[in-house]
Amino acid sequence: MFKFSKPEPKKWFSSSYWHLDTPPASYATHDGWSNADVDVVPVEQRNWRAINYLFLWLADGANVGTMQQAGSIVALGLSWREASAAIAIGNIIIAAAVTLNGVIGSRHHVPFSIASRASLGFYFSYFAVISRLVLGLLYFGINTYIGASCTLICLEAIWPQLKTYPNAIPTSQGVTSNKMIAYFVFWIIQFPLVMIHPRKMRWVFFVKSIFAIVAAFATLGWAVKQAGGGGPIFSQSSSLSGSTKSWAWLAGINVAISGKTTLAINIPDLTRYARRTSDSYWQMLFIPIVYFVFSFIGIVIASAGQAIYGTLYWDPTSIIALWTNRAGAFFVAFAFAFATLGTNISTNSIATSNDLAFLAPKWINIKRGAFITSIIGGWATAPWKIQASAQGKWAGHDSST
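Position one of the sequence shown corresponds to residue 186 (the numbering used here), numbered consecutively onward.
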């Protein structure tokens, strides 16, 4: 029989109710500078193997953003071969950064916030943590909004009348009523998964990677079959030459790097759960392969889509939204929505939750940090307004990377 304690609402307004116990230590004081989620991970909780990091990067790489990445490089004027090479080089560079930075976590089993003290000192490390926290909250909202785009396709596949749902939100807000409904639905689905502790998150990344891989290859197969081949992009050559082409190359490499800079910084938040230091080394191999494969898939889908619809769509969800097969659109969009959700957790939620636990260890642990992230990152940042302004979006992206 399960025993449930009697709710005592009066205690909810007492500071002692929310106070976290400081774990016992040999030298540390009980002044509230740490808690169980900030401390070194106990041996019995170090349960991440090399295969779990493969699923982590499959879950992070097999998404809409990765497939759009190659398109943004081709749009600079490079050919698909040159764009692919830029993606490969960029991902090898960032893989090295991720692997080396991750060793701090896998060897010492501490989060990014504690690791930053080694180079920045006790007090100045707070600046690095707060900077990462603000960026993580903003990107949590943006990724939630991207997930809402996939959710909207799912909802419209079930209820086609949602496409013509009357808009009651002012145009200045940058979002429509049906998109806001989809945003709320995605946020509700995302919330309980965000609350799972990172050491138990392995199965989420495994399931998400399976969903995303199936959706990506299903969309690829459909596009190639319908177009009768790879499409016109593969016959196009570069439109650039000289120094302009060189700068485009550098920009393309930066695009490949910048998408993972945030996770490269806070990767100790995940590698701290590694069984052995060597388990985190495999990321050097996993990252370039995963991102190259799915970036190339994005090029093929976009190129084939141009042959089918006469318009170049670099966003796979824009192609899925045009499908007349409602069941197919639902399942593929659902898989991409789940993929975006997993990326949001690994890249943003885990980082911000650890940062909040570091900043207020007496009151906030990882679960409470995840709750705060969901509220502030999901709603207070108003991601629909950020996305509505391309200038604001890219200005924020450039400043953060």
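For glycine and all other residues, C-beta sits at the position ideal for the given N, C-alpha and C. Just so you know, these numbers come straight off a predicted model, no measurement behind them.
Beta-carbon gap between residue i and residue j smaller than 8 Å
i, j, result
"K364", "A524", "no"
"L261", "A487", "no"
"I272", "Q253", "no"
"Q468", "G287", "yes"
"K430", "S423", "yes"
"C339", "A522", "yes"
"L526", "L378", "yes"
"D454", "P227", "no"
"T528", "G326", "no"
"L320", "G562", "no"
"A412", "A520", "no"
"R234", "T462", "no"
"F556", "M380", "yes"
"F290", "T558", "In the sequence as presented, Phe is not what sits at residue 290; that position holds Gly. Not in contact: G290 and T558 (Cβ atoms no closer than 8 Å)."
"I484", "L405", "no"
"L263", "W548", "no"
"R231", "A449", "no"
"W569", "Q346", "no"
"A400", "V517", "yes"
"F515", "A342", "yes"
Nearest-angstrom Cα separation, counted from residue j out to residue i
i, j, result
"D540", "D245", "20 Å"
"A542", "W407", "45 Å"
"S219", "S298", "11 Å"
"I571", "V360", "10 Å"
"W344", "L507", "15 Å"
"T537", "Y494", "41 Å"
"T356", "N550", "39 Å"
"V588", "T532", "What the structure shows of the chain is the stretch from 186 to 586, and residue 588 is not part of that stretch, so it cannot be assessed."
"R302", "S534", "21 Å"
"A397", "L470", "20 Å"
"N276", "L243", "14 Å"
"Q375", "I258", "31 Å"
"F402", "W388", "21 Å"
"G414", "H382", "44 Å"
"I315", "G306", "14 Å"
"I560", "R384", "22 Å"
"I373", "T329", "11 Å"
"S465", "R317", "22 Å"
"P351", "F479", "37 Å"
Where the alpha helix (DSSP H) containing residue i begins and where it ends
i, result
"Q411", "387-412"
"M380", "M380 -> no alpha helix (DSSP H), and no H or E assigned at all."
"W569", "568-573"
"N328", "302-343"
"N286", "265-293"
"L435", "427-443"
"L544", "535-544"
"Q587", "Beyond the ends of the chain as shown, which are 186 and 586, falls residue 587; an answer cannot be given."
"V228", "Element bounds for V228: n/a, residue is neither H nor E."
"S465", "Element bounds for S465: n/a, residue is neither H nor E."
"T502", "501-505"
Per-residue DSSP class, three states only, for residue i
i, result
"W218", "coil"
"A260", "coil"
"W233", "strand"
"A353", "coil"
"A459", "strand"
"D245", "helix"
"P296", "coil"
"L448", "helix"
"N550", "coil"
"D454", "helix"
"V370", "helix"
"G172", "Within the shown structure, residues of the chain are numbered from 186 to 586, placing residue 172 beyond reach of any answer."
"T528", "helix"
"Y498", "coil"
"N510", "coil"
"T251", "helix"
"L205", "coil"
"G359", "coil"
Chain B within 8 Å of residue i, Cβ atoms only
i, result
"S488", "Judged by its chain identifiers, the structure shown contains no chain B, having just a single protein chain."
Exercise for the section: May I ask you to verify whether the stretch 308-324 touches the stretch 495-507, counting CB pairs closer than 8 Å and requiring at least 3? Expected result: Taking 8 Å as the limit for Cβ pairs, the verdict is that the stretch 495-507 does not touch the stretch 308-324.
Practice task
Check whether the stretch 443-450 touches the stretch 265-283, taking contact to mean three or more Cβ pairs, one atom from each stretch, closer than 8 Å.
Solution key: With the cut-off at 8 Å, the stretch 443-450 and the stretch 265-283 touch.
Handout entry: Touching by the beta-carbon criterion (3+ pairs, under 8 Å), the stretch 366-380 and the stretch 325-334
Key = The answer is yes - the stretch 325-334 touches the stretch 366-380, with three or more Cβ pairs under 8 Å.
Problem - Meets three-Cβ-pair contact criterion under 8 Å: the stretch 410-420 and the stretch 480-500 - result: yes
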